[in-house]
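Enquirer: Under this note's numbering, the sequence shown has 121 at position 113, and the numbering climbs by one with no breaks. Quick reminder that beta carbons are idealized off the backbone N, C-alpha and C, glycines included. All values derive from a computational prediction rather than experimental measurement.
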Amino acid sequence: QAFFKSVMNAAPSSPTKRHTKISVIGAGNVGMAIAQTILTQDLTDELVLVDAIPDKLRGEMLDLQHAAAFLPRTRIQASTDYSVTAGSDLCIVTAGARQIHGESRLNLLQRNVTLFQKIIPPLVRYSPDTILLIVSNPVDVLTYVAWKLSGFPSNRVIGSGTNLDSSRFRFLIADHLDVNAQDVQAFIVGEHGDSSVALWSSISVGGVPVLSFLEKQEITYEKEMLESIHKEVTESAYEVISLKGYTSWAIGYSVANLARSILRDQRRVHPVSVLAKGFYDIDGEVFLSLPAQLGRGGILGVTNVHFTEEEKHRLMNSATTILQVQNQLTI
Ligand SMILES: NC(=O)c1ccc[n+]([C@@H]2O[C@H](COP(=O)([O-])OP(=O)(O)OC[C@H]3O[C@@H](n4cnc5c(N)ncnc54)[C@H](O)[C@@H]3O)[C@@H](O)[C@H]2O)c1
Ligand SMILES: O=C1C[C@](c2ccsc2)(c2cccc(Nc3ccc(F)cc3)n2)NC(=O)[C@H]1Sc1ccccc1Cl
């Protein structure tokens with residue numbers, strides 16, 4: 009029998025709310041942290057998990073479904089068959105091969121390119137209008153690979169880039185100054201990881217730029233303090249790896265934050281990996297992180313932020329290095 013008596017003239021569920029579907033490819037440490045955060049924050053109507061290992065995939069799906077009593081209603085599916093991703097608004101790619109002990113980064117990269125050759129075409133085939141958000145490392149090169157394999161316009165291919173680097177940077181600055189990290193704005197740009205570039209002019213606390221209004225000697229101290237904090241961003245990543253073997257929670261929250269800006273058309277500015285060709289004298293087809301506005305159409309624009317000559321030089325170096333790596337790939 010009906011559980012509820014039908015109510016006369018009950019309004020249909022709001023016809024205006026757009027149905028959203030997110031697919032997460034790779035149900036590992038990172039993919040599951042992203043999936044869990046998306047569910048907790050009620051970011052989608054449908055969540056799909058794809059992986060190459062069927063038992064792990066079904067186990068993760070059942071375990072998340074069993075939390076339904078504590079979560080906003082979300083349809084959760086999982087399959088090794090990419091048809092389950094059909095009609096996705098956003099596809100988040102975290103699939104990656106694990107580094108074999110002693111394996112070169114280039115060899116690992118080529119193995120990940122081979123993985124992408126199997127992952128990207130079916131995602132595109134089943135969701136031709138989707139936005140691709142790449143997390144797998146090396147993320148800047150793999151975002152370029154996804155763009156090439158997808159044939160999508162570059163505004164619909166985004167790399168998480170230095171989004172995690174910047175959020176760690178914001179935490180460390182906030183911790184140093186004993187303020188709330190949400191009141192710290194700071195952009196790390198360029199290449200994700202060890203060679204990233206901290207944009208000093210972008211750092212502000214409670215809307216007050218850190219380096220302005222300081223006397224010259226104070227600026228020197230502040231810059232040395234910020235340089236050491238920037239170095240600690242990388243050191244803390246390696247520390248987490250050495251302590252727990254992987255990272256998950258920070259990348260989970262940072263990527264879910266990108267998904268929110270995209271799917272809710274927030275038009276917020278995030279440091280993410282975009283096709284940098286044409287910006288700051290970069291003329292190669294290379295993806296690097298720049299402060300970019302995110303919305304329902306993906307990358308809506310790239311901010312015209314001021315770079316010092318040194319920052320431009322370091323960005324150019326990263327572009328050259330990445331282009332050299334890309335030229336050695338078979339895509
Ligand atoms: N960009 C960043 O800031 C950032 C941060 C942390 C980790 N990462 C990267 O995220 C990636 C995943 O990290 P992890 O800790 O989750 O690794 P993991 O090994 O736990 O998960 C990777 C998953 O990919 C799956 N997979 C492999 N081949 C596949 C295929 N063909 N189709 C679908 N799934 C496939 C594996 O089965 C595994 O479950 C790594 O490349 C890592 O470097 C990036
Ligand atoms: O990019 C990663 C992947 C990594 C990591 C940690 C130290 S070096 C890389 C991570 C976690 C688990 C697996 C892997 N594998 C992997 C790493 C690099 C690569 F090129 C391919 C695979 N990486 N974990 C992380 O938190 C991030 S963020 C980070 C890493 C270095 C400097 C600065 C930052 Cl903010």
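Given this structure, state the Cα-to-Cα distance separating T45 from A258, to the nearest angstrom.
Expert: Here the question's residue 45 lines up with position 37 in the sequence shown. Here the question's residue 258 lines up with position 250 in the sequence shown. Roughly 10 angstroms between the two C-alpha positions.
Enquirer: Using beta-carbon positions only, say whether H27 and D53 come within less than 7 angstroms of one another.
Expert: As a position in the sequence shown, residue 27 is number 19, starting the count at 1. As a position in the sequence shown, residue 53 is number 45, starting the count at 1. Yes. Within cutoff.
Enquirer: Answer yes or no: do S326 and E199 have a C-beta to C-beta separation smaller than 7 angstroms?
Expert: The residue labelled residue 326 in the question sits at position 318 within the sequence shown. The residue labelled residue 199 in the question sits at position 191 within the sequence shown. S326 is a Cβ neighbour of E199, given a cutoff of 7 angstroms.
Enquirer: Alpha carbon to alpha carbon, how far is D191 from V132?
Expert: By 1-based counting over the sequence shown, the position of residue 191 is 183. By 1-based counting over the sequence shown, the position of residue 132 is 124. When rounded, the separation of the alpha-carbon atoms in D191 and V132 is 38 angstroms.
Enquirer: If you run the structure through DSSP and keep just helix, strand and coil, what is L308?
Expert: In the sequence shown, residue 308 corresponds to position 300, counting from 1. Three-state DSSP puts L308 in a strand.
Enquirer: For the 8 angstroms Cβ check, are there 3 or more pairs between the stretch 83-93 and the stretch 107-123?
Expert: no
Enquirer: Specify, as a first and last residue, the run of the alpha helix (DSSP H) that L323 falls within.
Expert: Walking along the sequence shown from the start, residue 323 turns up at place 315. Start and end: 317-335.
Enquirer: Give me the Cβ distance between L323 and V205, rounded to the nearest whole Å; I'm assuming they're in contact under 8 angstroms.
Expert: Taking the sequence shown and counting its residues from 1, one reaches residue 323 at position 315. Taking the sequence shown and counting its residues from 1, one reaches residue 205 at position 197. Sure, about 6 angstroms apart at Cβ, within 8 angstroms.
Enquirer: If you follow the alpha helix (DSSP H) that F177 is part of, which residue opens it and which one closes it?
Expert: For the purposes of this step, residue 177 is taken as residue 169 along the sequence shown, with counting starting at 1. Residue range 171-185 is occupied by the alpha helix (DSSP H) that includes F177.
Enquirer: What is the C-beta distance between T228 and I196, in whole angstroms, given that I count them as a contact (C-beta under 8 angstroms)?
Expert: Residue 228 sits at position 220 when you count from the first residue of the sequence shown. Residue 196 sits at position 188 when you count from the first residue of the sequence shown. Contact between T228 and I196 fails: their C-beta atoms lie close to 21 angstroms from each other, not under 8 angstroms.
Enquirer: Who are the Cβ neighbours of Y343 in its own chain at under 6 angstroms, not counting the five residues just before and after it?
Expert: The chain is shown only over 9 to 339; residue 343 falls outside these bounds and no answer can be derived.
Enquirer: Give the list of continuous beta strand (DSSP E) stretches no shorter than 3 residues that lie fully inside the stretch 198-226.
Expert: 204-206
Enquirer: For the beta strand (DSSP E) containing V56, name the first residue and the last one.
Expert: Position 48 of the sequence shown holds residue 56. 54-58 is the extent of the beta strand (DSSP E) around V56.
Enquirer: Beta-carbon within less than 8 angstroms of V149's beta-carbon, same chain only, minus the 5 sequence neighbours each way: which residues are those?
Expert: Along the sequence shown, one-based indexing puts residue 149 at 141. So the qualifying residues of the chain are L117, F295, I330, V333, Q334, L337.
Enquirer: Please report how far the alpha carbon of S244 lies from the alpha carbon of D202, in whole angstroms.
Expert: The sequence position of residue 244 within the sequence shown is 236, counting from 1. The sequence position of residue 202 within the sequence shown is 194, counting from 1. The alpha-carbon atoms of S244 and D202 are separated by roughly 11 angstroms.
Enquirer: In or out: D97 buried (at least 16 other Cβ within 10 Å) or exposed?
Expert: The residue given as residue 97 occupies position 89 in the sequence shown. Label assigned to D97: buried.
Enquirer: Within the present structure, is the beta-carbon of S135 separated from the nearest heavy atom of ligand 1 by less than 6 angstroms?
Expert: Within the sequence shown, the letter at position 127 stands for residue 135. Not one heavy atom of ligand 1 is found less than 6 angstroms from the C-beta of S135.
Enquirer: Indicate whether L79 and L47 have their beta-carbon atoms separated by less than 7 angstroms.
Expert: As a first step, residue 79 is located in the sequence shown; it is residue number 71 there, counting from the start. As a first step, residue 47 is located in the sequence shown; it is residue number 39 there, counting from the start. In contact: L79 and L47 (Cβ atoms closer than 7 angstroms).
Enquirer: Can you tell me which residues form a DSSP beta bridge with K29?
Expert: Here residue 29 refers to the residue found at position 21 of the sequence shown. The partner list for K29 (beta bridge, DSSP) reads E54.
Enquirer: Of all the alpha helix (DSSP H) runs that stay within the bounds of the stretch 228-289, which reach a length of 4 or more residues?
Expert: 257-271
Enquirer: Answer with buried or exposed for N145, where buried requires no fewer than 16 other C-beta atoms within 10 angstroms of its C-beta.
Expert: For the purposes of this step, residue 145 is taken as residue 137 along the sequence shown, with counting starting at 1. N145 comes out buried.
Enquirer: Hey, quick one: how far does the alpha helix (DSSP H) through Q118 stretch, first residue to last?
Expert: For this step, residue 118 is matched to residue 110 along the sequence shown. Residues 113-134.
Enquirer: Check the C-beta distance from I100 over to I30 and give it rounded, since I have them as a contact under 8 angstroms.
Expert: Within the sequence shown, the letter at position 92 stands for residue 100. Within the sequence shown, the letter at position 22 stands for residue 30. So it is a contact: roughly 7 angstroms between Cβ atoms.
Enquirer: Mind reading off the beta-carbon distance from L207 to V313? Whole number of angstroms is fine, and I expect it under 8 angstroms.
Expert: Against the sequence shown, residue 207 aligns to sequence position 199. Against the sequence shown, residue 313 aligns to sequence position 305. 7 angstroms between Cβ atoms; contact.
Enquirer: Runs of 4 residues minimum, wholly inside the stretch 45-104: which ones carry the alpha helix (DSSP H) assignment?
Expert: Listed in chain order, they are 62-73.
Enquirer: Could you check whether L302 and S262 sit closer than 7 angstroms to each other, using their CB atoms as the reference points?
Expert: Sequence index remark: in the sequence shown, residue 262 carries index 254 (1-based). Sequence index remark: in the sequence shown, residue 302 carries index 294 (1-based). No, they are not a contact pair.
Enquirer: Per DSSP, G39 is paired with what?
Expert: Working through the sequence shown from its first residue, we reach residue 39 at position 31. BP columns for G39 are empty, so no partner.
Enquirer: Below 8 angstroms on the Cβ atoms is my contact criterion, and I expect S168 with L140 to pass it. Report the Cβ-Cβ distance as a whole number of Å.
Expert: For the purposes of this step, residue 168 is taken as the residue at position 160 of the sequence shown. For the purposes of this step, residue 140 is taken as the residue at position 132 of the sequence shown. The pair is not a contact, with the Cβ atoms about 11 angstroms apart (cut-off 8 angstroms).
Enquirer: Name the two residues that bound the continuous alpha helix (DSSP H) containing V153.
Expert: Numbered from its first residue, the sequence shown carries residue 153 at position 145. Segment 147-158, the alpha helix (DSSP H) holding V153.
Enquirer: Would you tell me roughly how many angstroms separate the C-alpha atoms of M40 and Q107, rounded to the nearest one?
Expert: What you label residue 40 is simply residue 32 of the sequence shown in a count that begins at 1. What you label residue 107 is simply residue 99 of the sequence shown in a count that begins at 1. One C-alpha to the other measures close to 19 angstroms.
Enquirer: Give a single yes or no on whether T45 has its beta carbon closer than 6 angstroms to a heavy atom of ligand 2.
Expert: Position 37 of the sequence shown holds residue 45. Residue side-chain check: T45 keeps its Cβ at 6 angstroms or more from all non-hydrogen atoms of ligand 2.
Enquirer: May I ask you to check if the CB of K126 is nearer than 6 angstroms to at least one heavy atom of ligand 1?
Expert: Taking the sequence shown and counting its residues from 1, the one referred to as residue 126 is at position 118. Yes, Cβ of K126 sits closer than 6 angstroms to a heavy atom of ligand 1.
Enquirer: Buried or exposed for A175, going by 16 or more other Cβ atoms inside 10 Å?
Expert: Counting from 1 along the sequence shown, the entry for residue 175 is found at position 167. Per the sequence presented here, residue 175 reads as Ser, with Ala not at that position. It is buried - the Cβ of S175 has at least 16 other Cβ atoms within 10 Å.
Enquirer: Give me the pocket residues for ligand 1, defined as CB within less than 6 angstroms of any heavy atom, sorted by chain position.
Expert: Ordered along the chain, the selected set is I33, G34, A35, G36, N37, V38, G39, V58, D59, A60, I61, T102, A103, G104, R106, L123, K126, I127, V143, S144, N145, V147, S168, L172, H200, Y254, T255, I259.
Enquirer: How about L57 and T82: are their beta carbons less than 7 angstroms apart?
Expert: Taking the sequence shown and counting its residues from 1, the one referred to as residue 57 is at position 49. Taking the sequence shown and counting its residues from 1, the one referred to as residue 82 is at position 74. In this structure, L57 sits away from T82, with a CB-CB distance that is not shorter than 7 angstroms.
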